[in-house]
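Enquirer:
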Amino acid sequence: MSETHRYDAALAADIEARWQDYWERHGTYETPNPTGELADGTGRADRPKKFIMDMFPYPSGAGLHVGHPLGYIATDVYARFQRMNGHNVLHTLGFDAFGLPAEQYAVQTGTHPRVSTEANMKTYRTQLRRLGLGYDLRRSFATIDPDYYRWTQWIFVQIFNSWYDRDAGRARPIEVLVAQFAAGERATPDGRPWAELTAAERADVLSGHRLAYASDAPVNWCPGLGTVLANEEVTADGRSERGNFPVFKAKLRQWNMRITAYADRLIDDLDTVDWPAAIKIQQRNWIGRSEGARLDFPLAHAAGGVREETVTVFTTRQDTLFGATYMVLAPEHPLIDAVVPESWPADTRQAWTGGHATPRDAVAAYRKQAAAKSDLERQAEAREKTGVFTGAFAVNPATGERIPVFIADYVLLGYGTGAIMAVPAHDSRDFAFARAFELPMRCVVEPTDGRGTDPAAWDDSFNAKDARIVNSAAGELSLDGLDVASAKARVNAWLAERGLGEGTVNFRLRDWLFSRQRYWGEPFPVVYDEDGVAHALPESMLPLELPEVDDYAPRTFDPDDADTRPETPLSRNEEWVNVTLDLGDGPKKYRRETNTMPNWAGSCWYQLRYLDPFNAEKLVDPEIERYWMGPREGMPTGGVDLYVGGAEHAVLHLLYARFWQKVLFDLGHVSSPEPYHKLYNQGMIQAYVYRDSRGFPVPAAEVEVEEHDGGWVHAGEPVTRELGKIGKSLKNVVSPDEIFAAYGADTLRLYEMAMGPLDVSRPWETRAVVGQYRLLQRLWRNVLDEATGEPAVAEEAPDEATLRAMHKAIDGVRQDLEQLRFNTAIAKITELNNHVTKAGGRVPREAAETLVLLIAPLAPHVAEELWHRLGHEDSVTAADFPVADPAFVVDETVTCVVQIRGKVRARLEVAPTVSEADLEALALGAPAIVDALGGDAVRKVIVRAPKLVNIVPA
RNA sequence: GCGGCCGUGAUGGAAUUGGCAGUCAUGCUGGGUUUAGGUCCCAGUGCGCCUCGCGCGCGUGAGGGUUCGAAUCCCUCCGGCCGCACCA
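Yeah, the first sequence ends on 2252 if you go by my numbering, and it's all consecutive.
(1) Between Ser1813 and Asn1893, how many whole angstroms is the CB-CB distance? I'm expecting something under 8 Å.
(2) Of the residues Leu1798, Arg2112, Lys2201, Phe1691, which one's Cα is nearest the Cα of Asp2178?
(3) Is the Cβ-Cβ distance between Val1375 and Pro2155 less than 8 Å?
(4) Put Val2141 into one of helix, strand or coil per three-state DSSP.
(5) Determine, using beta carbons only, whether Arg1890 and Trp1874 come nearer to each other than 8 Å.
(6) Can you give the beta carbon distance from Val1272 to Trp2062, rounded, assuming they're within the 8 Å contact cut?
(7) Pick out whichever of Pro1857, Gly1773, Glu1630 has its Cα sitting closest to the Cα of Tyr1664.
(8) My understanding is that Pro1823 touches Pro1444, with C-beta atoms under 8 Å, so please give their C-beta distance in whole angstroms.
(9) Just to confirm the assignment, what range does the alpha helix (DSSP H) spanning Tyr1925 have?
(10) Report the three-state DSSP secondary structure of Lys2245 (helix, strand or coil).
(11) Looking only at its own chain, which residues have a Cβ that is under 6 Å from the Cβ of Ser1300, when we skip the five neighbours before and after it?
(12) Any idea which residues DSSP pairs Lys2201 with across the strands?
(13) Are there 16 or more other CB atoms within 10 angstroms of the CB of His1975, so buried, or fewer, so exposed?
(14) State the start and end residues of the unbroken alpha helix (DSSP H) segment that holds Ala1663.
(15) Which residue spans inside the region 2027-2062 form an unbroken alpha helix (DSSP H) run of at least 4?
(16) Please report the distance separating the alpha-carbon of Pro1929 from that of Val1571.
(17) In the DSSP output, which residue or residues are listed as bridge partners for Arg1563?
(18) With a cut-off of 8 Å on the beta carbons, I'd call Ala1720 and Val1626 a contact; round off their distance for me.
(19) May I ask you to report which of helix, strand or coil DSSP gives Asp2097?
(20) Determine the DSSP secondary structure at Leu2077, reduced to helix, strand or coil.
(21) Between Gly1830 and Asn1897, how many whole angstroms is the CB-CB distance? I'm expecting something under 8 Å.
(22) What does Gly2022 pair with, by DSSP beta-bridge criteria?
(23) Phe1729 by DSSP, collapsed to three states: which one?
(24) In terms of residues, what are the limits of the beta strand (DSSP E) holding Trp1461?
(25) For the region 1820-1848, which segments carrying the beta strand (DSSP E) assignment without a break, of at least 3 residues, lie completely within its bounds, in sequence order?
(26) Tell me whether Arg1700 sits in a helix, a strand or coil according to DSSP, three-state version.
(27) Take every Cβ of the region 1709-1724, pair it with every Cβ of the region 1746-1766, and state whether three or more of those distances are shorter than 8 Å.
(28) If you count every other CB in all the chains shown that lies within 10 Å of the CB of Val2058, and 16 or more means buried, which is it?
(29) From Thr1697, Ala1696, Ala1732, pick the residue whose C-alpha is nearest to that of Phe1704; which is it?
(30) Relative to the C-alpha of Val1968, which candidate in Asp1919, His1599, Arg1992 has its C-alpha closest?
(31) At 3 residues or longer, and completely inside the region 1855-1909: list those beta strand (DSSP E) runs for me, N to C.
(32) List the DSSP bridge partners of Ser1513.
(33) So, at 8 Å on beta carbons, what are the nonlocal neighbours of His1833 in its own chain, with the 5 sequence-adjacent residues on each side left out?
(34) Is the region 1948-1957 touching the region 1528-1541 in the sense that three or more CB pairs, one from each, lie closer than 8 Å?
(35) Go ahead and label Tyr1327 buried or exposed: buried means 16 or more other beta carbons lie within 10 angstroms of its beta carbon, across all protein chains shown.
(36) Out of curiosity, what's the CA-to-CA distance linking Val1609 and Gln1616?
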């Protein structure tokens, strides 16, 4: 028998190449817009639409391994499914190509990052095409394209030129604020009229309001990378997320984005998007909204009496104000120098002074010790409380008592006001500190667990919030008997009355540090005049192109040397930096900003440019934006229909992109306040890592299984096995090219989709890939004669059983694909294929075509080929996805299980429409049941027609 | 420490959401096709027991509970993964 028409790897490769060429020639995946350059007049844009997106890749030098395309395959399957459902589907993929790795690779290899990045993208494009991913390539771009980053810079300018109007609850153009100052509707910080301020002073005032602003503040400085980093890029143990270098606090002038202005909206709008609960929780935690109160504690004179200065604290437990028996400031708190007295007050305990002769010495020594501690060390001794008395006292505004003021590193400068009122009886950290320093504790919330009201006898603080306030009355304020919530409200009112503070909301979120000392990023469209005032470039000067330079290497330092300072590569290029420009008031000399934007900038808005990639006039045409992303039924905040990517971007890209989208929404550039409506996190494909006795990974491909004990051996030596990421260093990389060569792209696609649910991680097992290859071979044989390659289907209608199998499969596969449950969809297709295989004889055409259509989104090449050979002229991508006939989805008879006390004792074949009463009678009459009951009386019968009867004997 | 998710055959995983546990696939066993190997095809495959039957018992990390009925809900414990980590 000739095997020339057998489905094998060579034939798969041939089919796949031919159809990929066909799709490209015919523009199969090109999607029309309703208007503009990409409108096509075919009416396709009038169909319902879906915008389906992946998190775009960073093109690394290593190319793709089999773990990378999981999400891309999933969105491609979904996009094909929706296209077959008659949707106008927008699906494409660009490249996130600015950023550190390209620059590091460039420095290592001596190639310019543009050259290596372009080469990497070319490799990626080839590999993605080989997978048969159906993209509208006209809409694909890279963030490094000047045509693209022109608009990244443009958005920066929009953000720079706007401020957050709290009264309006949204961002507005900065001119509105200027007008308010000029008209005197809004007071300047020092009260002088706006007209009297110099240009530099005005710029300074406005900088305090702009959504993008430069400021001197402690930032995360990473000498090992030679750049500063955003909070989101620093790990919990104080190292850089990329490269794992130490990160230090350094006071530097840097650009920031006022993302904190959007904290509430970023939390609130999470309710309107369809995202995994875990990601929403992470964002909420990162933003860290907490309700409480801000209140002032007056400082006390040594001799008694109250000073002018106050210490402001933030607390969420203002109800425990009467229990505040001391205060703690963060070691770096700016007020400390002003409060520390010359000498220790009389009777100061030795334990409080740290053994120092004066408070000043004690504070200086403690600060030094705290600064020297790495975050890792702080973490290790997390619960060990240290601190020192400042020698100063404050006054509890409720009780009037003098309370000592300490500094301790368990209070962080970066959170709240950097100072706390300590209530040791009702906060476990304060409790531990009070124990260590023998500070008084006062119980002001009555314990509900029977421990009594004397904190001296407790093991830990009492924190329950469903209790009542006690011991809290002085002057006109009494909280006694109130529950916690009422007491908080009462204290808030009292604070406001007395002008001591107010109820307030505090956020953990800090502003986003937006500048980097790197070459390979978007240049800031900003210049400084001779007074050092920053000016945004006018739109006509965009894009400000990244200059081509030879010396693009970042200045990096000894990773542990905290005293170093960054140097920007662009600053070396004097002729680029110093320019004469006319910004509207005649030619003047300016210096360019030499920082570049972080690599997140390009990914903050790319969904918008996919919509209208060639628009030279606008970021995106409003009609096109509304068409694809505007608010609609069930999606009040609009956005991309489906966005698939890894969970590692939970608080980075996904938070930043939401923020930019909201600013653009406020400024009227887009109609959708959320960028991504439905987010789906795909799991990771893992692979086994084999290690030798020294713990070094050995090449996974060379490991063999021991015959007798099932262990693993490499080069005759036993090795251990564990699951890990796929990567070069773990020697377990499997390239898609190997799988293409052995089985073809359709098999790889099916295998990745069949491995398990999309959202969980699963181990790659090359030997299991063959299962999906067999499915395709069986399908091929069911449709074609292997000897001739001609269709070998029967033209008669399928029999009843086959019809039912077909329609059940259609029904199930439809639901599964809609819910991204590709693994069970494939199981159902396999089942149907097995059904027609077992039935023997020629497969009826209707069944064969159903199989081809069902598998088309998953294995598009083989589906195209079979569809074509079955005599269809059009691409299967344009065919309608089958719709199940309800009459055949329900079985003619169903098996009803009859249970006695929940154990199956008999099965009955009944009509699906059988009535409960009939079914009960049938069940009670079944011989096996009569036998099993043995004449026992029946106490109860539960009938769930038509599938189950449960009989409970007395 | 706090919060979240998850434990099902040798393996990846199904289970219409409280109603027959183990769909589908890998692996393994046996058989067939083949000069041979591979491919391919067919059958079997949770564990145990026996009188080998359309049989019985056990079985979803462990223990308990709710229910006519629990992989699914509740409680305790064990194990794993992820996030946060002195957040006032």
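Cβ coordinates follow ideal geometry from the N, Cα and C atoms, glycine included.
Note that the structure is predicted; figures quoted are calculated from it, not measured.
Expert: With the given structure in hand:
(1) 4 Å
(2) Arg2112
(3) yes
(4) strand
(5) yes
(6) Given a span of 1299 to 2252 for the chain in the structure shown, any question on residue 1272 remains unanswerable.
(7) Glu1630
(8) The pair is not a contact, with the Cβ atoms about 12 Å apart (cut-off 8 Å).
(9) 1920-1927
(10) coil
(11) Caution applies to Ser1300, whose pLDDT of 38 falls short of 50 and renders its modelled position unreliable; the model cannot decide the point.
(12) Ile2198
(13) buried
(14) 1657-1670
(15) 2034-2040, 2043-2052
(16) 11 Å
(17) Paired residues: none, contrary to the question.
(18) 6 Å
(19) coil
(20) helix
(21) Rounded, the Cβ-Cβ distance is 28 Å, inconsistent with contact.
(22) Ala1985
(23) helix
(24) 1460-1463
(25) 1824-1826, 1832-1834
(26) strand
(27) yes
(28) exposed
(29) Ala1732
(30) Asp1919
(31) 1876-1880, 1885-1890
(32) Gln1552
(33) Val1824, Val1825, Tyr1826, Asp1827, Leu1881, Tyr1888
(34) yes
(35) buried
(36) 15 Å
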